[in-house]
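Q: My questions will all concern the structure given below.
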Amino acid sequence: MWFKNIALFEFIEPFDLSFEMIEKSLEEHQFSQCSPSQPISTGWISPVSKDSPIAYEANGFIIVAFQIQEKIVPATVIKEILDEKVEEIELRESRKVKKKEQDTLKEEIYQSLLPRAFTRDTVIHAYIDTTNDWLVVNASSSKKAEILTVNLRKTLGSLKIRMPDLIPVSMLLTHWVKTNEYPQELTIEDQCVLQDNNNDGGVIRCQRQNLFTDDIISLIDSGREVTQLALSWQDELSFVLNDEFMIKSLKFLELVQDKANDIVTESEIERFDADFVIMTETLRHFIEFMTGVFSKTTETEEVLTITS
1 MWFKNIALFE
11 FIEPFDLSFE
21 MIEKSLEEHQ
31 FSQCSPSQPI
41 STGWISPVSK
51 DSPIAYEANG
61 FIIVAFQIQE
71 KIVPATVIKE
81 ILDEKVEEIE
91 LRESRKVKKK
101 EQDTLKEEIY
111 QSLLPRAFTR
121 DTVIHAYIDT
131 TNDWLVVNAS
141 SSKKAEILTV
151 NLRKTLGSLK
161 IRMPDLIPVS
171 MLLTHWVKTN
181 EYPQELTIED
191 QCVLQDNNND
201 GGVIRCQRQN
211 LFTDDIISLI
221 DSGREVTQLA
231 LSWQDELSFV
241 LNDEFMIKSL
251 KFLELVQDKA
261 NDIVTESEIE
271 RFDADFVIMT
281 ETLRHFIEFM
291 TGVFSKTTET
301 EEVLTITS
C-alpha cells in the first residue's frame, strides 16, 4: 500500500462528496474477472483486501484502487498460427491469401486463444485529501495517472481537477544544481538527468556521482537543463522528481518506517489503517512543502530570472 510514485492533482472546487456517496458509486462499478472471450476488464476493488469495503477513509483521507485485467496473447504465437493457416490454404486451393482474408483469420485466431490466455493484473491506487483538496495517484507515468482519473470521473459523474500551477520544474532543479543553493529541508543525491534543449535533445544520465562539479556546471552552461533529480526530504523520504512534477522511486525512510512498526496491530485492517495514516500524514506535509517550493512566488521567479 505504501505509494512508490506521486502524480498530484488539485480539485478546482472544494471536494464535497461524502464517503458514503463515493462508496456507493464505486460499488456500482466494481471489478469482475475477464470472461473467457473478454480481452480486458476494469473496475474498482478494495484497497485493503478482497473481503474489505471498496473504499477506506481515515483522518480525512479516502483511498481507492482501480484494477485492470488484460488477457495476454503473444503476437508471435498469433503470427505462427496464421502463417501455418495461410500456407495450408494456399497449398490446398492454389491461390494467394489476400490481406483482408489474413486479417479475418488473425482475428479468429486471437478469439480462439483468448479463453486459454494468461492474464495480467494492474492495480492503480489513489487517495483524496479532503482537507487540502488534492488527488494523489500512485502512478509512475502521466498515462497511468490518466487511466485512474478518467475512470474515477466516469464513476463519480464529475471530477474537476487540474495539475498544480507551478513554476517550470526543470528551471528550478537546474538552478539548484548549478548554484548548490536549495531548501535546507532537501538533500540533493547522486543522480540526475540532463536534457539538451538547444540542439538534438540529447540526454545525459548521471548516476552515483557528485553533481556539484565543474563538468556538470559546464553541461548546464552549454544549454542543458536538469529534467530529473534524485532528492531526499528531512530524513523521511527519498525520491526522484521530474520536470512534470511527478515523484518517482518514492521510498519511506527508516524514520517513517519505525513509526509504523512501533504501532502494534492485531488484524489486517488495523495494520492497513496504521500504515495508511502514517503514509498520508507524511505525504501531506511533504506535498505542502513541495508545492510551496515550486509555487509561483515573486521571490522564486526573481531568482530564476537572475540566474537564467
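Residue 171 in the UniProt record's numbering sits at position 171 of the sequence shown, with consecutive numbering throughout. No residue lacks a Cβ here, since even glycine has one placed at the ideal position from N, Cα and C. These figures come from a predicted structure and were not determined experimentally.
(1) Please check the pair Ile216 and Val177, which I expect to be a contact at CB under 8 Å, by giving their CB distance rounded to whole angstroms.
(2) How should Phe15 be labelled, buried or exposed, when 16 other C-beta atoms within 10 angstroms of its C-beta is the threshold for buried?
(3) Looking at the unbroken alpha helix (DSSP H) that takes in Asn151, where does it start and where does it end?
(4) Quick check: the Cα distance between Ile78 and Asn59, rounded to an integer number of angstroms?
(5) Check whether the Cβ atoms of Ala65 and Ser49 sit closer than 8 Å, and answer yes or no.
(6) Report the three-state DSSP secondary structure of Trp2 (helix, strand or coil).
(7) Looking at C-beta atoms only, is the number of pairs between the region 85-92 and the region 100-117 that lie closer than 8 Å three or more?
(8) Just checking: is the beta-carbon of Ile216 within a distance shorter than 8 Å of some beta-carbon in chain C?
(9) Rounded to whole angstroms, what's the CA-CA distance from Trp134 to Leu148? Just pull it up for me.
(10) Using only CA atoms, which one of Ser25, Met1 and Thr265 lies nearest to Ser158?
(11) Could you say which of Met171, Ala75, Val97 and Ile128 lies nearest to Glu225 if we only look at CA atoms?
(12) Indicate the three-state DSSP secondary structure (helix, strand or coil) for Asp262 in the structure shown.
(13) According to DSSP, is Leu166 helix, strand or coil?
(14) Looking at the secondary structure, which residues open and close the alpha helix (DSSP H) in which Thr213 lies?
(15) At what residues does the alpha helix (DSSP H) containing Ser41 begin and finish?
(16) Classify Ile188: buried if its beta carbon has 16 or more other beta carbons within 10 angstroms, exposed otherwise.
(17) State the Cα-Cα distance for the pair Leu166 and Phe294, rounded to the nearest angstrom.
(18) Starting from Trp176, follow its DSSP beta bridges and name the residues at the other end.
(19) Am I right that Thr291 and Pro164 are in contact with their C-beta atoms under 8 Å? What's the rounded C-beta distance?
(20) Any idea what DSSP makes of Phe272, helix, strand or coil?
(21) Can you grab the Cα-Cα spacing for the pair Asn242 / Glu90, in whole Å?
(22) Since residue 377 and Lys71 should fall inside the 8 Å C-beta cutoff, what is the C-beta to C-beta distance between them, to a whole number of angstroms?
(23) If contacts are defined as beta-carbon pairs under 8 Å, then Ile22 and Tyr127 qualify, I think. What distance do you get, rounded to the angstrom?
(24) Could you tell me whether the Cβ atoms of Asp235 and Leu253 are closer together than 8 Å?
(25) The beta strand (DSSP E) spanning Tyr56 covers which residue range?
A: Well, looking at it:
(1) 6 Å
(2) buried
(3) Ser142 to Leu156
(4) 51 Å
(5) no
(6) coil
(7) yes
(8) No chain C is part of this structure, which consists of one protein chain only.
(9) 14 Å
(10) Ser25
(11) Met171
(12) coil
(13) coil
(14) Where Thr213 is concerned, there is no enclosing alpha helix (DSSP H), given that its DSSP letter is neither H nor E.
(15) That residue, Ser41, is in no alpha helix (DSSP H); its beta strand (DSSP E) goes Ile40 to Ile45.
(16) buried
(17) 6 Å
(18) None; Trp176 has no bridge partner.
(19) 6 Å
(20) helix
(21) 54 Å
(22) What the structure shows of the chain is the stretch from 1 to 308, and residue 377 is not part of that stretch, so it cannot be assessed.
(23) Ile22 to Tyr127, Cβ: 11 Å. No contact.
(24) yes
(25) Tyr56 to Ala58
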